[in-house]
Amino acid sequence: MTIDIGKFSHCRPEYPVKRRGKDGFNPLVRVPPGFQETALRVRHLDSELDRFVLTAKDLFDLVADAFSVNVHYSTEIEGNPLPLEEVKRITRNTFRGMREPKPDAPMQEIINHLSTWLMPGYYKLPWARQKIIDTHKFLVGHDPRSDPGAFRTDDRSVQNDEGIEFFIPAPMERIETEMDWLLRWINEYSTGYDPLVSGPLIFHEFESIHPFKDGNGRTGRTLFHAYLNNSGLPNASLCKIEQHLLGNKQLYYDILAWTDKQLEYTDLIDYMSQAILESYEEAVELFSGKDILSKEMNETARRLIIRAKKEGDWFSVTDAVKWIGGLSSETVRLRLNEFVEMGVLEADGHTRSKRYHYSNPLSMAQSAMRK
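Numbering (our numbering), first residue to last: 15 to 385.
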């Protein structure tokens with residue numbers, strides 16, 4: 015499917031748009047027609063991505079591609095000049111634990127984003143103000159002009175490259191109060207909504223406050239992805255959400271501004287949920303095309319590899335025999351070694367001490383980033 019741009023043709027605010035003053039963050043929500051079907055479809059597709067079993071190479075390629083595209087679109091719209099192919103190269107090297115010898119500012123920005131996006135567990139609720147500040151500090155720490163980790167101390171507007179004023183965010187003296195209102199809503203109320211509702215609300219309110227001098231879009235989108243990952247959509251990071259969300263930049267900005275102008279979230283939820291659904295459908299198509307379970311495989315082998323993936327940690331032949339039951343150690347060992355040859359499992363050791371592990375490039379990349 016493709017987002018129907020025509021349905022958002024009314025979202026054309028007169029610029030500049032000024033953030034309206036609020037007494038707390040208490041959004042009134044009306045979901046668009048068909049939203050329930052969209053939300054259920056996204057959850058189903060997220061679980062489908064758990065079902066596929068890929069070789070280590072295919073899984074690495076697809077995961078690295080998704081991260082590359084997301085980080086490229088999120089930074090490119092803010093002025094990062096690196097082409098997508100260069101971002102892909104940096105991503106693959108970063109995932110392998112290879113350091114860039116002398117990264118310039120654009121390269122360092124990509125590395126900073128990858129490091130943050132690889133740690134969704136850090137963003138489990140509740141969130142505190144310091145977590146937002148630390149995220150901004152890490153993302154734009156390569157550029158001291160952005161005042162990394164500091165709320166802005168001036169009143170400013172969002173302008174385009176020609177200096178035309180588009181949006182006037184919260185006054186500087188309101189930033190801490192309004193951020194605290196937002197954080198309270200995230201921690202106390204957001205989980206009562208579907209993440210396709212609460213995620214867009216959180217993202218929009220953050221962008222509307224615009225708490226930092228620079229880097230608000232990049233920080234907001236990072237928080238948005240982390241929120242989805244921790245709110246029932248753990249495979250959102252495998253989807254190229256940014257490409258579908260930012261593919262039409264003018265529409266993206268128009269809908270954000272329109273939502274501020276109207277103080278009404280239906281169009282925002284509609285647009286962002288459709289972009290998320292598109293990205294999930296694309297991801298499932300890509301992963302299903304590489305799924306080894308779609309090939310001819312007997313039921314025993316199928317059960318074995320599915321359990322190995324679920325196990326996550328290293329395991330022995332003895333462990334695997336207990337999972338399956340009714341098969342000898344030699345038969346199970348033979349099947350496991352076949353999966354090693356296929357590039358689905360890793361093996362370490364020999365004979366009785368030999369252990370196996372399902373190859374997961376995300377885990378390997380996370381380990382590489384910690385070193």
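For glycine and all other residues, C-beta sits at the position ideal for the given N, C-alpha and C.
For the candidate residues the options, whose alpha-carbon lies nearest to that of residue i?
i    : options                : result
T16  : P209, M286, D75, P27   : M286
L252 : L376, I200, T365, G234 : L376
R33  : R170, M311, E296       : R170
R57  : E295, L307, E344       : E295
L9   : P183, I306, G340       : With the chain covering 15 to 385 only, the question about residue 9 has no answer from this structure.
F152 : G163, D18, K116, R188  : G163
E219 : M193, L210, D208, P209 : M193
S373 : I319, E99, W272, S342  : I319
E99  : E92, F81, R113         : F81
R188 : Y29, E355, L359, D37   : D37
V77  : S342, A250, L359       : A250
K71  : F109, R55, P46, L54    : F109
I147 : N174, P225, E299, L348 : P225
Would residue i and residue j be called neighbours here (beta carbons separated by less than 7 angstroms)?
i    : j    : result
T233 : T365 : no
Y87  : Q257 : yes
T280 : T130 : no
N201 : P134 : no
G229 : V331 : no
F49  : W199 : no
Y267 : L260 : no
G213 : F238 : yes
L241 : I216 : Residue identity check: residue 241 is Tyr in the sequence provided, not Leu. Yes.
V31  : D274 : yes
I255 : S204 : no
In the DSSP assignment, find the alpha helix (DSSP H) that holds residue i and state where it starts and stops.
i    : result
I189 : 189 to 202
H156 : Careful: H156 lies outside any alpha helix (DSSP H) and carries neither H nor E.
I6   : In this structure the chain extends from 15 to 385, so residue 6 is not present and cannot be described.
Y29  : Premise fails: Y29 is in no alpha helix (DSSP H) and is neither H nor E.
D268 : 263 to 276
F301 : 280 to 302
T89  : 70 to 90
State the Cα-Cα distance for the pair residue i and residue j, rounded to the nearest angstrom.
i    : j    : result
N126 : E313 : 43 angstroms
S61  : V67  : 13 angstroms
K336 : E344 : 13 angstroms
A227 : D168 : The identity of residue 227 in the sequence shown is Lys, whereas the question assumes Ala. About 8 angstroms.
T105 : G177 : 33 angstroms
G111 : M378 : 9 angstroms
S245 : Y137 : 10 angstroms
R65  : A315 : 15 angstroms
P120 : D333 : 47 angstroms
R369 : K116 : 38 angstroms
T52  : S23  : 21 angstroms
W195 : L210 : 20 angstroms
In the DSSP assignment, find the beta strand (DSSP E) that holds residue i and state where it starts and stops.
i    : result
D362 : 359 to 362
H371 : 369 to 372
Please tell me whether, using a cut-off of 6 angstroms, the distance from the CB of residue i to the nearest non-hydrogen atom of the ligand NAP is below it.
i    : result
E176 : Among the components of this structure there are no ligands whatsoever, and the ligand NAP is therefore not found.
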